[in-house]
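Structure first, commentary second.
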Amino acid sequence: MCLAVPMEVIELLDGNLARVALGGVEKTVALDLLSDVAVGDFVLIHVGFALSRLDRHEAEETLAMFETMARAKEAAAS
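The sequence shown begins at 47 in the working numbering and counts up by one.
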């Protein structure tokens, strides 16, 4: 199963690229599928591409859901 993960844009780079971050992890991603991305935006990342822009609330809800799923998986493994 593949997941797209919300990450915050922390820097815009040359070549239609951006630096994004989540939980201390930073990645460089392509912005080829989006326009008008700004530092501070949340974007949905999949295989190195920003697929869509999310508002902060939507990004936080998605990340909370991922955290809930991870805790449930850990509990099931115990």
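Quick reminder that beta carbons are idealized off the backbone N, C-alpha and C, glycines included.
- Around the beta carbon of PHE88, 16 or more other beta carbons lie within 10 angstroms, which makes this residue buried.
- Linking LEU79 to LEU59 through their CA atoms gives a straight-line distance of about 15 Å.
- In this structure, DSSP gives LEU68 an extended state, which the three-state scheme calls strand.
- The straight-line gap separating the alpha-carbon atoms of GLY86 and HIS92 is approximately 18 Å.
- For LEU109, the uninterrupted alpha helix (DSSP H) segment begins and ends at 102–123.
- Non-local beta-carbon contacts of ILE56 in its own chain, meaning distances under 6 Å to residues more than five positions away in sequence, involve ARG65 and ALA67 in chain order.
- Residue nearest to SER81 within the set ASN62, GLY69 and SER124 is ASN62 (criterion: CA-CA distance).
- Going by DSSP, LEU90 is part of the beta strand (DSSP E) stretching over 88–92.
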